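These notes are about the structure you will find just below.
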Ligand SMILES: [Zn+2]
């Protein structure tokens, strides 16, 4: 084929152009933008900061640069009269295809070069949690695949318009669309994938799968558009439509274009990642389903089989109900919208069921009619790829041999309209996992291994008492720590071992739990005997239930542990994050106003300072805490926007919120602790303050508004807001 | 003379490369303005001469690069071969050189202007602020010496070896990474963030100490000398 013969010539010519090398050099350099300026991934894990952001910045810059290069090349070649290909008297179609292949090859070379250049830098920046698989996947998907998209889009624009200026404008507009209007639409943002976080300690296959899906969808779409533009290449001196009419005579050409576009459309419509949950989060119609009359819950069991290679789940669930109504009853279940339900039987006989198209809070509604028998055993099977609801925060349903988190209806269909029986909602869950994984029910239940299977898996069983329930499993290390009169089971990811040891995690847990239990009281969600502290995959915050509490891995990265805003030595940030179990989870704070200086951080930073003072002495605490707060607060009062709030008001909303957020961060972490310190002096010293805090921590909660407010704090101290003004 | 200048300008500026560079420059500028300049440097307003200077010194990386890329139109082997042909034309070569130098400077000035207009639009849109006069001094002090020096030294590098121009493009990136002494603060932008803090007043007026002005003066002078040498050396180069 002529293309094959011409390709080496064209590639050599392309690589001899200084512009090509400039573009390649800029592209290789461009990930640096992700370190300093362009940071679409907002999480603070090491991989988000040092891998996702540079790779995405490289993808955006590289796609734009290669798009421009494609336009330059096509335009230059068209004008030039000394072109090799033109000289060879080949058809313009062959020429176009050859040029595209040469450009794509240059893009592949550039992506490879970028990976080589950034490998040592990334490995150095990321440290002990760096893995080759994450690196390669991130650069391939977040950066590499952006380049061919840029080339295809730009080349298509040029082939349609045959004008460099016009196609540059079209191409830039197409890029701008992705960066602005489409930025939060995970399927449309072809240039900048919707990645908010990559996990350091656990795998990231879910996010990578989703990005790969988006890229391939666009690759097919743009390849299809390019093929159409290729058919429009002017030849035989005809115009666009004349050329098109001629080009489509070879039927396989339009067929390829149509097939690509159809494939892309199908991939767009049939994506398996995100459900169709009602975006209005105030609607909770599933909670309004009336209870089935005369039906009570006797028990349930489930056998769950995650397929860690495919990221899917299959399971069998069985429910026992008592139906005293003497009539058929409709039972409602919440199921993950990605699951297909089959084989629904009651007392051994098939019964009809429906699954709603309407979805809400990541659940679809499954309705099954049970017969009018006194005791009913309902069994069903479910399987599928668990779907998520939030396209801008994907990754929560990660399911691999390193990590999984199955919540409520994703673990097993959740009964929604049956009253609890005498024993509540007793449940017995069995899950079969690869033998590297530990199962950790997110409650006070303990899972135990009931069988070791021949295929290298182990089956775990635990009992629980709820209609839903959350299960974590992963390649965890467990440390047992005796502190504050209870046993703390501290689970963290194996990859995090080095960091945790460096931070003196176990000592810190002990110090904090002892201190806080003594000064403030026991945690309401501890069962009194044990408390599980589980480090989760990056999730955007922690939460707690009876017997277990979650720590977000993003709070425990090497970089965060060195952040002097929250502590000075690695152990201290750890102390800070654990103190949040008391101030933040044990006592909640209203987070609706993100600019309020009063938050869980004030008391947490203050308590951290007290613990550090006890551990390392007053001088140390003064130097690294009080003096630092003072310095940051001094700077804060000098800030331009603080001195001239009218300019802050002028800014567009996004910019204003961003700056106000930064400023209120300073106030939360530095100004508020200083104010609490001032309050401590005004109420008569540390012991008096400890009494006040103890009283606040154990106060009677209003279930409608369980938050600790600044006013409550001031009232208990018998102080006013003005008393605590600084300076 | 005017005709050659216009011809050279068109050759340099009316091509896709210039348009592409302008696009990249504007995108990068928008990124800097929205993520860095908007915060203001050293407690000053985002539209203070200090913050504006910081913006310009960040843009200088690309301006320098663009300036040198203009030069490659003249120093590349193909361009040199073409120069031999041109010597056959009746036009005195010295005027050719002058026209090219002027065209490259015009290109640089246009790109600079683009950056400044972008900032002005940003200030107007975000803060309804239009006192652009106060920004001229930092622009002049930062960019004029750097760009004239870029052109002069780049030309010299191109005379030695054509590929040296490309190496020379990396200089500002290197400067940005190196811990330079205070006197060279304008070359990596640290001057705009560090100096106002030493003035011990809030929102200080824009001043540049002599110790910082001196290297700028030297760079400007060196750039002019090199450019003059270009004019004189031209026949020999061909
Ligand atoms: Zn905190």
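Protein chains in written order, with this note's numbering: chain A, 70 to 796; chain B, 81 to 318.
We put the beta carbon where it would ideally sit given N, CA and C, even for glycine.
Just so it is clear, the structure is predicted and the values come from calculations on it, not from any experiment.
query	result
Contacting residues, own chain, Cβ-Cβ under 6 angstroms from residue 152 (chain A) (five flanking each side not counted)	Low per-residue confidence applies at residue 152 (chain A): pLDDT is 49, beneath 50, and the placement is therefore not dependable enough to give any value.
Local conformation of residue 542 (chain A) per DSSP, three classes	strand
Expected contact under 8 angstroms - CB spacing of residue 291 (chain A) and residue 322 (chain A) to nearest Å	Not really, about 17 angstroms apart at Cβ, beyond 8 angstroms.
Cβ-Cβ distance between residue 132 (chain A) and residue 103 (chain A) below 8 angstroms	no
Where residue 207 (chain B) sits in the DSSP three-state scheme	helix
Candidates A:499, A:185, A:343 and A:766: closest to residue 407 (chain A) by CA position	A:343
Identity of the residues DSSP links to residue 617 (chain A) by a beta bridge	A:601 and A:614
For residue 109 (chain A), the three-state DSSP class (helix, strand or coil)	coil
Contact test: residue 670 (chain A) Cβ vs ligand 1 heavy atom, cutoff 7 angstroms	yes
Selected residue, minimal CA-CA separation from residue 799 (chain A), among A:738, A:567 and A:463	What the structure shows of chain A is the stretch from 70 to 796, and residue 799 (chain A) is not part of that stretch, so it cannot be assessed.
Closest by C-alpha distance to residue 579 (chain A), when choosing among A:550, A:587, A:564 and A:791	A:550
Ligand 1 heavy atom lying under 7 angstroms from the CB of residue 673 (chain A)	yes
Chain B contact for residue 728 (chain A) (CB, 8 angstroms cutoff)	yes
Residue 208 (chain B) CB to nearest heavy atom of ligand 1 below 7 angstroms	no
C-alpha gap between residue 719 (chain A) and residue 211 (chain B), whole angstroms	17 angstroms
Proximity test, residue 645 (chain A) beta-carbon vs ligand 1 heavy atom, cut-off 7 angstroms	yes
Where the beta strand (DSSP E) containing residue 401 (chain A) begins and where it ends	398-404
heavy atom of ligand 1 below 7 angstroms from residue 649 (chain A) C-beta	yes
Test item: CB-CB of residue 607 (chain A) and residue 645 (chain A) under 8 angstroms	no
Residue from A:591, A:376, A:438 and A:418 with nearest C-alpha to residue 361 (chain A)	A:438
Simplified DSSP assignment, three categories, for residue 518 (chain A)	strand
Interfacial residues, the stretch 101-115 of chain A to chain B, with Cβ spacing under 7 angstroms	106 and 107
Any C-beta of chain A under 8 angstroms from that of residue 377 (chain B)	An answer regarding residue 377 (chain B) cannot be provided, because it is not within the stretch 81 to 318 covered by chain B.
Euclidean distance between Cα positions of residue 577 (chain A) and residue 742 (chain A)	21 angstroms
Residue 719 (chain A): contacting residues in chain B (beta-carbon distance under 8 angstroms)	206, 207 and 208
Interface residues of chain A facing residue 304 (chain B) [CB-CB closer than 8 angstroms]	Per Cβ cutoff of 8 angstroms: no residues; residue 304 (chain B) is ~27 angstroms from chain A at best.
Burial state of residue 296 (chain B) (16 or more Cβ within 10 Å)	buried
8 angstroms Cβ cutoff, residue 190 (chain A) in contact with chain B	no
Interfacial residues, the stretch 225-237 of chain A to chain B, with Cβ spacing under 9 angstroms	233, 234 and 237
Contacts that residue 144 (chain A) makes with chain B (C-beta to C-beta distance below 7 angstroms)	96
Inter-stretch contact (C-beta, 8 angstroms, three-pair minimum) for the stretch 125-134 of chain B and the stretch 264-271 of chain A	no
Closer than 9 angstroms at the beta carbon, the chain B residues around residue 724 (chain A)	114, 118 and 206
Which residues DSSP lists as bridging residue 244 (chain A), in chain order	Paired residue(s): none; residue 244 (chain A) is not in a bridge.
Whether residue 447 (chain A) touches residue 355 (chain A) by CB criterion (8 angstroms)	no
Closest residue to residue 492 (chain A) among A:462, A:535 and A:754 (Cα-Cα distance)	A:535
DSSP state of residue 156 (chain A) mapped onto helix, strand, coil	Residue placement at residue 156 (chain A) cannot be trusted, given a pLDDT of 47 that sits under 50; what the coordinates show is reported in the next sentence. In this structure, residue 156 (chain A) counts as helix in the three-state DSSP scheme.
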